[in-house]
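These notes are about the structure you will find just below.
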Amino acid sequence: MTSRLASFGSPLPRENGGSRCAALRALAIGVAILSLAGVANAEVLEAELRRDVRYLASDELAGRFTGSAGHWKAAQYIADRFQRLGLSAVGGDGYLQHFGFPQSVAMGDSTCLTWGDASWSQPSDVLPLGHSAAGGAEGEIVFVGYGADTLNSEKGSHEADLTGRIALVLSGAPDEPSGRATGGTGTTSRAKVAEAANQGAAAVILVRTNKDGPDDVPLPFDPTGRGGSIPAVALSRSAALECLGAEWESVFAEDPDAIAQRLGKTVGHGTIHADLREIRTETANVAGLLRGSDPDLMWEYVVVGAHYDHIGIARDGRVNNGADDNASGVSGLLALAQEFAARRDRPRRSILFIAFSGEELGLLGSRHYVANPLVPLIGTRAMINLDMVGRLRNNTVMVLGADSGSGMADLVEHAALERGIDVTFGGRAPAGSDHVPFLGSSIPSVFMFTGTHPQYHTPDDDWQLLNYTGMSQVLNMTADLLDALANADSVPTWVPPPQRGFLGVVPTQSRAVGFTIASVVADSAAAKAGLMAGDVITEFNGKPVENAAALIRALSRLSAGAEVNLVVERGEERYQCTATLGPAP
């Protein structure tokens, strides 16, 4: 097949028989890799990538916040390109797949909290959280420390049954510096509310610690919260102390012993009403279909996606232009669409090129697409996601999710080898980008990513910083992978994810170095290894355990059946043991 652009042209030569070995691997999994021949200068593609990124990441588009005027300009730019390329409009409204979403929430004036005989309704005392559900709840109030989040424990930082009860939660985390109560994976108020809801809580009361809020006011209302599943309010410390008593001041001062003594205790009965109104607006995915040529395989599909939204204007008024995140991915999407649409011989399978909206707000566009597909999901054989592909360094691209399809890693390796790129493989989760909903629908999916950087989600993520030569390399590789998926007789089939591993230890609230065990789950891997309450895990697989959060993060990367090596201190004794992780409950 001929290609209009050399950037999608002949693979780079490899020494020591690399190409032959890769081809043999491809044949071994039953996939025929098609070679591409280029006829033009590679600089053409780099210039086109730079042109698209400069427009999409320009101040004119004001950061492409979902639903904004700049976002709609970007959508029109992509739709116009799809039309010029001759892609079929399958969006329902031409190339656009419209959908509504809750852009923000507005606070009403009737939020209130009753706790025993006390009641508060003034904003100086109680405010709804932006990610609260509107409405009310009633039940016993249970203190759960920093909350049931995975930074503090495998099963939560308490052992209380929250079903139908109101969780009283502290902001932040034990090892978190001041000012971080709304930042950090698992420690955000949103994460705390979500986990409480997962454990059956009826509502959440969040109180800021002294460290997080020296001024005694509730956590500020965030209008971008977009609602949640249970009512959640922020209460001032002084209001909480009215009901709890002065002895709880040490809890809000984050005395670990004071917190540990009160974990799981019922501290009264409460009624919450969160007065919120959801403000909805409209956005759209942009989709164009290149119909396949094979009479049978044309009804099978490969999806290539990239999100085109970003985070808008910064608080200081500067524009978050989002050049790498994700004008780079969109420019790559357009280049791939142009390459495959220009070929004389169309691919055997159909290819859906789609620019997703709302990724930064929680994968809104890709989730909407999977719930309302434009082509049948049952016929969708694979998905390729391009997100932040503009900062190639050390000649290495990261590919996540290749383990989701049988033989997918071999295809990726072959494409990378032929194009002279090194690959680092990552698992399929967790990674918050638009391939995730497709994985959730059992569709083999890969996420192409050149890594994060200090400019991520700042106004400094500008077009001048992108590596356009590196982008063209990544797109060469992606084109080869797409070629294989769209033309092979057979394609990778879904591989279910391995079950997450579970050690079965619950930590204390201690801030000491290591993971101090508060309790051991019966019949768990820890119990079988002889671990006991009071033991301190100081090393995990040869690395020091800095704190409970560090061990939890390490465990989250392992599957059931993994064997782990532990160094444990028990009193004055120090010993080593091995545990085989069981399946997560």
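In the numbering used here, the protein residues as written are 39 to 623.
All C-beta atoms, glycine included, are put in the ideal place defined by N, C-alpha and C.
All values reported here derive from a predicted model rather than from experimental measurement.
Asked, Found
"Looking at the strands, I want to know which residues DSSP matches up with glutamate 611.", "Arg608"
"Identify, in the order they occur along the chain, each residue of the same chain with its Cβ nearer than 6 Å to the Cβ of proline 530, setting aside the five sequence neighbours on each side.", "Gly443, Ser444, Gly445, Met446, Pro482"
"Tell me where the alpha helix (DSSP H) around phenylalanine 378 begins and ends.", "367 to 380"
"Put serine 20 into one of helix, strand or coil per three-state DSSP.", "Since the displayed the chain opens at 39 and closes at 623, residue 20 lies outside it and no answer follows."
"To the nearest angstrom, how far is the alpha carbon of serine 404 from that of phenylalanine 137?", "11 Å"
"Using a Cβ-Cβ cutoff of less than 7 Å, which residues in the same chain neighbour glycine 105 once the five nearest sequence positions on both sides are dropped?", "Gln141, Thr319, Glu320, Thr321"
"Just verifying my parser: in three-state terms, what is the DSSP assignment at glutamate 584?", "coil"
"Cβ atoms of leucine 314 and serine 388: under 8 Å apart, would you say?", "no"
"Applying the criterion that 16 or more other CB atoms from any shown protein chain within 10 Å of the CB defines a buried residue, is alanine 325 buried or exposed?", "buried"
"Leaving out five residues on either side along the sequence, give the residues of the same chain with a beta carbon under 7 Å from the beta carbon of serine 148.", "His311, Asp313"
"Once you ignore the five residues that flank leucine 282 on each side, which residues in its own chain have a CB closer than 7 Å to its CB?", "Val305"
"Give the secondary structure of valine 574 by DSSP, where H, G and I count as helix, E and B as strand, and everything else as coil.", "strand"
"Relative to the alpha-carbon of lysine 303, which residue among Gly238, Ala393, Arg203 has its alpha-carbon at the smallest distance?", "Arg203"
"Please tell me whether asparagine 323 and glycine 470 are closer than 8 Å, where the distance is taken between their beta carbons.", "no"
"From glycine 194 to glycine 539, what distance separates their C-alpha atoms?", "Residue placement at glycine 194 cannot be trusted, given a pLDDT of 36 that sits under 50; the coordinates are not used to answer."
"Can you tell me where the beta strand (DSSP E) with asparagine 423 in it begins and where it stops?", "418 to 424"
"List the endpoints of the continuous beta strand (DSSP E) containing glutamine 141.", "134 to 145"
"Go ahead and pull the three-state DSSP assignment for proline 621.", "strand"
"In angstroms with no decimal places, state the Cα-to-Cα distance between leucine 374 and alanine 517.", "7 Å"
"State the Cα-Cα distance for the pair proline 212 and proline 294, rounded to the nearest angstrom.", "8 Å"
"For the putative contact between alanine 95 and alanine 365, defined by C-beta atoms under 8 Å, what is the C-beta separation to the nearest angstrom?", "4 Å"
"Suppose you measure from the CA of leucine 279 to the CA of glutamate 287; what does that come to, to the nearest Å?", "7 Å"
"Do valine 6 and alanine 565 have their C-beta atoms closer together than 8 Å?", "No answer is possible for residue 6: it lies beyond the span of the chain, which begins at 39 and ends at 623."
"Anyone know if the C-beta pair for glutamate 577 and valine 605 falls short of 8 Å?", "yes"
"Among the candidates His109, Tyr494, Gly439, Leu513, whose CA atom is the shortest distance from the CA of phenylalanine 485?", "Gly439"
"From Ser159, Leu244, Gly173, pick the residue whose C-alpha is nearest to that of valine 180; which is it?", "Leu244"
"Are the segment 581 to 594 and the segment 493 to 505 touching, with three or more C-beta to C-beta distances below 8 Å?", "no"
"Using the Cβ count rule (16 or more neighbours within 10 Å means buried), how would you classify aspartate 97?", "exposed"
"If you drop the 5 nearest sequence neighbours on each side, which residues of the same chain put their C-beta closer than 7 Å to that of threonine 507?", "Glu84"
"My output table needs one value for histidine 452: the three-state DSSP class, helix, strand or coil.", "helix"
"From which residue to which residue does the alpha helix (DSSP H) around histidine 406 run?", "402 to 409"
"Whole angstroms is fine: what's the gap from proline 621's alpha carbon to aspartate 118's?", "49 Å"
"Given serine 126, which residues of its chain have a CB within under 8 Å of its CB, disregarding the five upstream and five downstream residues?", "Gly326, Leu327, Leu328, Arg329"
"Cutting at 6 Å between CB atoms, please list the residues of its own chain near tyrosine 346, excluding the five before and the five after it.", "Ala112, Val368, Ala393"
"Measuring only the C-alpha atoms, how far is glycine 464 from glycine 154?", "51 Å"
"For glycine 355, which residues in the same chain have their Cβ closer than 6 Å to its Cβ, ignoring the five residues on either side in sequence?", "none"
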